[in-house]
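A.B. asks:
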Amino acid sequence: MNSSNSICIKEIVPNSKSVVINFSAGPELKRFFHQQSFFAEYDINIEAVPKSILVIPFLTNILPVAWANGIDIYVDELDCEFNEAVIDLKMAFKGLYPKLIKSNSNIIANRIVENKKWTGERTAQLFSGGLDSLATLVRKIDERPFLITICGADVSLNDRESWEIVQDYSKKIAEDTNTDVLFIKSNFKDFLNHSELEVKFGSIVNGWWTGVQHGLGLCGLSAPLTFAKEINAFYIASSHTSNYKLPYGSHPSTDNKLRWGSTRIIHEAYELTRQQKVRVIANYIKSDYSSLQIRVCWRAGSNGGNCSQCEKCSRTIVGLLLEGIDPNGHGFRIDSHFPMHVRSQFESNAWKLDEAVAFQWKDIQARIPENTNTINEQYLELFNWIQTYNFKDYQPGILLKAGGTVAKILPAKQKKFIKSLIGME
Ligand SMILES: [Zn+2]
Numbered sequence: 010m011n012s013s014n015s016i017c018i019k020e021i022v023p024n025s026k027s028v029v030i031n032f033s034a035g036p037e038l039k040r041f042f043h044q045q046s047f048f049a050e051y052d053i054n055i056e057a058v059p060k061s062i063l064v065i066p067f068l069t070n071i072l073p074v075a076w077a078n079g080i081d082i083y084v085d086e087l088d089c090e091f092n093e094a095v096i097d098l099k100m101a102f103k104g105l106y107p108k109l110i111k112s113n114s115n116i117i118a119n120r121i122v123e124n125k126k127w128t129g130e131r132t133a134q135l136f137s138g139g140l141d142s143l144a145t146l147v148r149k150i151d152e153r154p155f156l157i158t159i160c161g162a163d164v165s166l167n168d169r170e171s172w173e174i175v176q177d178y179s180k181k182i183a184e185d186t187n188t189d190v191l192f193i194k195s196n197f198k199d200f201l202n203h204s205e206l207e208v209k210f211g212s213i214v215n216g217w218w219t220g221v222q223h224g225l226g227l228c229g230l231s232a233p234l235t236f237a238k239e240i241n242a243f244y245i246a247s248s249h250t251s252n253y254k255l256p257y258g259s260h261p262s263t264d265n266k267l268r269w270g271s272t273r274i275i276h277e278a279y280e281l282t283r284q285q286k287v288r289v290i291a292n293y294i295k296s297d298y299s300s301l302q303i304r305v306c307w308r309a310g311s312n313g314g315n316c317s318q319c320e321k322c323s324r325t326i327v328g329l330l331l332e333g334i335d336p337n338g339h340g341f342r343i344d345s346h347f348p349m350h351v352r353s354q355f356e357s358n359a360w361k362l363d364e365a366v367a368f369q370w371k372d373i374q375a376r377i378p379e380n381t382n383t384i385n386e387q388y389l390e391l392f393n394w395i396q397t398y399n400f401k402d403y404q405p406g407i408l409l410k411a412g413g414t415v416a417k418i419l420p421a422k423q424k425k426f427i428k429s430l431i432g433m434e
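Adding 9 to a residue's 1-based position in the sequence shown gives its number in my numbering.
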């Protein structure tokens, strides 16, 4: 019977375009939830989707909470492919976070269901309009993947204005690339109490959302859509390459284990650095899509557009300039003050880079020598400065924090690499 210290699904309430899942959390777990009710809304009819699939959006967002606390989750019906995937997923997360994941935590289902299989060729991808998801779209353009854009994470549920702009943006890209867009709204981030998760697990994990939840959670949220549309391959664009050695919430070792029905999740473009993705997009702009707009900025007040000022916007602008693309035609606005803006932000230490971002600036540095002829001469001085700037001046945060967990499992060569990144050598 259910342990009092478990997560138990009380009811799954399906509607034509949404699902609500009410659950109870045992006394020691309540503090990790703002609400014991989860919802996901879609913009297509999902009436034909069985409960064994409808429960996946919820499960993918609480599984790591259950694993970290060593507790069981009780469900009525579970898709058989997903049930098997969860066993692999737990081992994969344990590989990333040996100190976080407990072995004595399972999903206990009354019934394992074998759902219908399909053999179609439709694919889908998570789509924000940032460099990662745009590069994946360009690479998979012949498949015409459904673009799935989600409200409830980068765009918060109550920010209607930004959500409208983001929706318009995704629709335009879908129209211009001859594919379709699907939208999801969910409290999948808000229903968890991230502050409490940080209090308990912050010494092991670099942010619950980025470090643990987002890959599994974003993909799982799409399960009802992939079932309704009979999607076989579902892409989540990589954020990092294999050179990034720290645990992260979206990683090929975990994302690629996830599956349900006939849908397989694929962590896409792991072999490409951010600047290599800029090149993929720049080539597509030059060959096929001269009006492509890029959207990378989530800064408060940017209203679903790019502020063209923050570190992320600036890094993207510099990346585009380096590939011979004028950012002004692609979602950004810069003028002759831009080079000085970048220099002054770094020189005054206004931009605190974490390790991953510092790595991306170094990636830009490495590309400069081979692309000097492509750079507009108005920006040559900026690139000369970037090439000689020491991007080690940043916060070592996660590396120091994760040191105990990660550094121990790394080979000596990689330890040396990380130490050099954080300036310990
Ligand atoms: Zn910005």
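Even for Gly, the Cβ is constructed at its ideal location relative to N, Cα and C.
What residues does ligand 1 have around it, judged by CB closer than 5 Å to any heavy atom, in chain order?
C.D. replies: Those residues placing their Cβ nearer than 5 Å to any heavy atom of ligand 1 are, following chain order, Cys306, Arg308, Cys316, Cys319 and Cys322.
A.B. asks: What runs of the alpha helix (DSSP H), each 4 residues or longer, lie entirely inside the region 334-382?
C.D. replies: 347-356 and 364-380
A.B. asks: Label Gly139 either buried or exposed according to how many other C-beta atoms from any shown protein chain fall within 10 Å of its C-beta, with 16 as the threshold for buried.
C.D. replies: buried
A.B. asks: Can you tell me which of the three DSSP states Val84 falls into?
C.D. replies: strand
A.B. asks: From what residue to what residue does the beta strand (DSSP E) around Val190 run?
C.D. replies: Val190 -> beta strand (DSSP E) spans Val190 to Ser195.
A.B. asks: Look at the alpha carbon of Arg273 and the alpha carbon of Leu98, and state the distance between them as a whole number of angstroms.
C.D. replies: 13 Å
A.B. asks: Cα separation between Tyr257 and His223?
C.D. replies: 9 Å
A.B. asks: Report the residue ranges of all alpha helix (DSSP H) runs contained in full by the region 35-64; include only those spanning at least 4 residues, in chain order.
C.D. replies: 60-63
A.B. asks: Name, in chain order, the residues that DSSP records as bridge partners for Asn31.
C.D. replies: Glu20 and Ser46
A.B. asks: Using CA coordinates, which residue listed in Trp370, Ala232, Arg324 and Asn358 is at the minimum distance from Ile343?
C.D. replies: Arg324
A.B. asks: When burial is assigned at 16 or more other CB atoms within 10 Å of the CB, is Leu408 buried or exposed?
C.D. replies: Bear in mind that the predicted position of Leu408 carries a pLDDT of just 47, short of 50, making it too unreliable to give a figure here.
A.B. asks: Taking 8 Å as the cut-off, decide whether the C-beta atoms of Ile80 and Leu38 are in contact.
C.D. replies: yes
A.B. asks: Would Val190 and Lys180 qualify as a contact pair, given that the criterion is a beta-carbon distance under 8 Å?
C.D. replies: yes
A.B. asks: So is Val22 buried or exposed if we call it buried at 16+ other beta carbons inside 10 Å?
C.D. replies: exposed
A.B. asks: Give the DSSP-derived three-state secondary structure of Val287 in the structure shown.
C.D. replies: helix
A.B. asks: Starting from Trp269, follow its DSSP beta bridges and name the residues at the other end.
C.D. replies: Thr272
A.B. asks: Once DSSP output is grouped into helix, strand and coil, what is the label at Phe119?
C.D. replies: Checking the displayed sequence, the identity of residue 119 turns out to be Asn instead of Phe. Of the three classes helix, strand and coil, the one that applies to Asn119 here is strand, per DSSP.
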